[in-house]
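Notes follow the structure.
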Amino acid sequence: GDIVFLEAGNLVPADGRLVESVNLKVEEAALTGESEPVDKKVDRLTQRDLTLGDRLNMVFMGTVVTYGRGTAVITETGMKTELGNIAELIQSVEQGQTPLQRRLEELGKQLAWAALGIILIVIVLGFFIRDPNTPIMDTIELLLLTGISMAVAAIPEGLAAVVTITLALGSQRMLKRNALIRKLPAVETLGSVTVICSDKTGTLTENRMTVTVLDIAGDSQRIEAIMDEKGTIIEHDAPELDPQFAPEDRALSLLVKAGALCNDAVLETGPRGTERAIGDPTEGALVMAAAKLGFDKGDLDSRWPRVGEIPFTSERKRMTTIHRVDIDRDKTTAPWRDAPYVAFSKGAVDSLLDVTNHVWVGDDLVPLDAEMRERIEQANATLAQQGQRVLGVAFRALYSPDFTDETAVETDEVFVGLVAMIDPPRVEVKDAVARAQTAGIRSMMITGDHPLTAQHIAKDLLITDNDKNLTGYELAKMSVADLKQDVETVSVYARVSPEHKLNIVTALQEKGHIVAMTGDGVNDAPALKKAEIGVAMGITGTDVSKEAADMVLLDDNFATIVAAVEEGRTIFDNIRKFIKYTLSSNTGELIVMLLSPFLGMPLALVPLQILWINLVTDGLPGLALAVEESERGIMKRPPFHPKESIFSRGMGKRILWIGFLMGIVSLGVGYIYWLRDPNGPWQTMVFTTLTLAQMGNALAIRSNIDSIFYIGLFSNKLMLAAVLITFVLQLALIYIPFLQNFFSTEALMLQDLLLALIASSVVFVVVEIEKWVRRQRGEN
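In structure tokens, the structure reads:
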């Protein structure tokens, strides 16, 4: 019940109902995400359940008064306000595991059960094939040692470290592409994204109102079409006229100049020479358009000094400025050549048509009859349907210095034309949306803006090819079941509230989607936190939105999200490559350990050799796999389904047959040496052949489908270094005496080492052949 007085610059302290409004404008970006100030009024609203952006007789906590003044009766405070409701939503959102966390947890369970099964199998089989003359306790000790060694061989000890390092390296690569990762698991999750829900303003668009169309008497021209290569209006020599006008373009010139004169925005030159408009976004667009067309606002203001003004009011829907005519009257045929003053008006088209009786066309004054009015209204409607914001511009010659009578000034005016403007789409976004669609990723627009504007931008960017959209008012009436059904077909949502955004994300997740959600305001925080990937804006984003997000776009650009998705897919590919590499190596170890007793051989590998393979031989090349570049066609394949196994798409089978091949080759070499001399270096031959086979495997699986000779042997120098270092370390284990004692190895003759190298290369050759066969089948 408290009374609050509001004026320009005030931060609204609580939610309240307006009882007085004098040209009051409030920026509600904190709640709606739209930076365009909202005109407030005290009139009673007839429609119930309106979205925040449409509650024009209310003010809300956290919003800012930008113009005018008003009085409000407080209705809610603290956590009961709309801002407090958002805070409660943020606290209530629970985050689940990422797809990678779920897959690695599943992998851990599978490996644990596999290790337990291996121990049991070894113990059971060991009792069946044991030597009856061996004491039972010695047999049990041997079986336990063998079983535990095989269990150790089955567990990839370096997996957690390599995954973490891979994600960290991936986050650095993303930073170079303007994507700052705040939560490390998000690096991989990006690769699984199936839907990108994007805000419109600043992400899909430039967040800069831009004049696009100038219309004279229903004849619309895009602004690019009337500029020459220098960016100025195409003019003709006409010395008898105002030098700034041209015969065919006088109305266009007047339209642009009047829009810049009846204007409170100013141009500011930045440190790099770039100009930006300071003030209301709409007025800034008019000033920028004039500058692009060769009319500097400073020069215009000096030639047409302002001597009076009638401010904008929500009732009149227009503003008027009065200027002294300071030109060479002998060189102009303008209607005000004999008048000391001229008034320029701009505002809603219908409000200006009500106070005009003529239209300025070319070099003539044409009566505003029914036909002409219909042409102008039709042009206005057509531009509005395209999502454009349309303003009308008019003028009147004044002969009296008395500007106090608003009615006398704003009457019998001459209508000049229409100016249409829009926050244009970013030029790179259309290609980014197309790339996302090719990659099986759907793009959606969720905005607080008007439906017509949202629909037009969405169609222009190919986010949608139909006229389906849902507003916050419609969402409020929908059941959960209906929303879950509609989210699969509707891609444009307008005038939405924070609850609506949260409900949309939840509905998509319940349909099995991995959702990336963008946002920049406090109102976006609940949905950002709920989505698998919350994406905040680095330039325009609030601290609250950044805190709730997993990733921050340093350039506020939708195209950066798609680039980050590509990096995420690359990272997930590299993690899968490491898992394939290390588990195929471990499978080779298991084959060696499991089959050697059946051949009557002692343990082919001792525990320290197994640990060496798992930590060093697996680890160094595994780290090198983390920096592999993207696969060819990585953005032309569908994303992994959230419930899809990490062993899917043939990876499990390849792990088994590659591991089996490595084990058979290594054990075969060792078996030949063991038959020749059971006391010879057969165990070292098994160890060395298996290690070298893993090096060949590491080189071959750098690409899932392409040959290493296609991607380039030297394209990953870190891999070559890892293979070389591992080979040198292996030689050290074989030839340095104290390491020989520690790892139970023996020095090999040169011919033995060459044999191990030749035998191990079989793995590399077979894997390359298998990839060639799959390429011939057209697999990707």
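In this note's numbering, the protein residues as written are 265 to 1044.
C-beta atoms are modelled at their ideal positions from N, C-alpha and C, and glycine is treated no differently.
Residue environment, residue i, which counts as buried when at least 16 other CB atoms sit within 10 Å
i: L1003; result: exposed
i: N644; result: buried
i: I727; result: buried
i: N397; result: exposed
i: T675; result: exposed
i: T953; result: buried
i: A443; result: buried
i: Q436; result: exposed
i: F978; result: exposed
i: V799; result: buried
i: V744; result: exposed
i: Y331; result: buried
i: I400; result: exposed
i: P1001; result: exposed
i: I542; result: exposed
i: S860; result: buried
i: W876; result: buried
Residue closest to residue i, alpha-carbon to alpha-carbon, out of the options
i: N733; options: V697, L716 and K556; result: L716
i: Y974; options: L647, K917 and W1036; result: W1036
i: T846; options: T770, M742, L375 and I1000; result: L375
i: P990; options: I969, K793 and G960; result: Sequence check: residue 990 is Thr here, not Pro. Measuring from the Cα of T990, the nearest candidate turns out to be G960.
i: V357; options: A812, G832, I1022 and S707; result: A812
i: V786; options: L616, G805, L380 and T770; result: G805
i: N471; options: L316, V1029 and P688; result: P688
i: V808; options: A823, I825 and P790; result: P790
i: E796; options: T851, T296 and T362; result: T362
i: A272; options: D266, K304 and E298; result: K304
i: V760; options: A740, Q749 and K556; result: A740
i: E893; options: L863, T770 and M438; result: M438
i: L818; options: G802, G832 and K810; result: G802
Endpoints, alpha helix (DSSP H) assigned at residue i
i: W1036; result: L1014 to Q1040
i: F1007; result: P1001 to F1007
i: D724; result: P715 to D724
i: P871; result: P871 to W876
i: D257; result: Look at the range of the chain in this structure, 265 to 1044, and you will see that residue 257 is not part of it.
i: P790; result: A789 to K794
Start and end residues, beta strand (DSSP E) containing residue i
i: D882; result: From DSSP, D882 is part of no beta strand (DSSP E); its letter is neither H nor E.
i: T474; result: T474 to I480
i: V779; result: V779 to G783
i: A541; result: E539 to I542
i: D483; result: D483 to R486
i: F559; result: Premise fails: F559 is in no beta strand (DSSP E) and is neither H nor E.
i: H764; result: Not the beta strand (DSSP E): H764 falls in the alpha helix (DSSP H), residues P762 to E774.
i: T577; result: R570 to T577
Between the CA atoms of residue j and residue i - distance to the nearest angstrom
i: M899; j: E830; result: 7 Å
i: N287; j: A450; result: 46 Å
i: V1027; j: T955; result: 11 Å
i: I721; j: Q485; result: 20 Å
i: Q652; j: M685; result: 5 Å
i: A432; j: R441; result: 15 Å
i: M983; j: L408; result: 37 Å
i: T753; j: V826; result: 21 Å
i: W568; j: R588; result: 6 Å
i: I586; j: V657; result: 14 Å
i: E1034; j: G914; result: 12 Å
i: D528; j: T584; result: 11 Å
i: T476; j: V756; result: 23 Å
i: I972; j: R918; result: 17 Å
i: T296; j: N349; result: 13 Å
i: F828; j: G704; result: For the record, residue 828 in the displayed sequence is Ala; it is not Phe. If I take the Cα positions, the gap works out to 15 Å.
i: V457; j: L920; result: 29 Å
i: G736; j: V751; result: 14 Å
i: R1041; j: G455; result: 26 Å
i: G280; j: T310; result: 18 Å
i: S517; j: I768; result: 47 Å
Beta carbon proximity, residue i to chain B, threshold 9 Å
i: N850; result: Note that chain B does not occur in the displayed structure, where there is just one protein chain.
**Request:** Jot down the residue ranges of each uninterrupted alpha helix (DSSP H) in the segment 908 to 960, minimum 4 residues, whole runs only, in chain order.
**Result:** Entirely contained in the segment 908 to 960, the alpha helix (DSSP H) runs reaching 4 residues are, in chain order, 915 to 940.
**Item:** Minimum length 3: unbroken beta strand (DSSP E) runs contained in the segment 370 to 413
**Value:** You should have found no qualifying run.
**Asked** Counting only runs that start and end within the segment 275 to 360, where is the beta strand (DSSP E) found for 3 or more residues in a row?
**Response** Segments of the beta strand (DSSP E) lying fully in the segment 275 to 360: 279 to 291 and 328 to 340.
**Prompt:** Which runs of the alpha helix (DSSP H), 4 residues or longer, sit entirely within the segment 658 to 728?
**Reply:** Those alpha helix (DSSP H) runs which fall completely within the segment 658 to 728 and span 4+ residues are 670 to 673, 693 to 702 and 715 to 724.
**Prompt:** At which residue ranges does the segment 435 to 471 contain complete beta strand (DSSP E) runs of 3 or more residues, listed in the order of the chain?
**Reply:** As far as the segment 435 to 471 is concerned, its whole beta strand (DSSP E) runs of at least 3 residues are 443 to 445 and 459 to 462.
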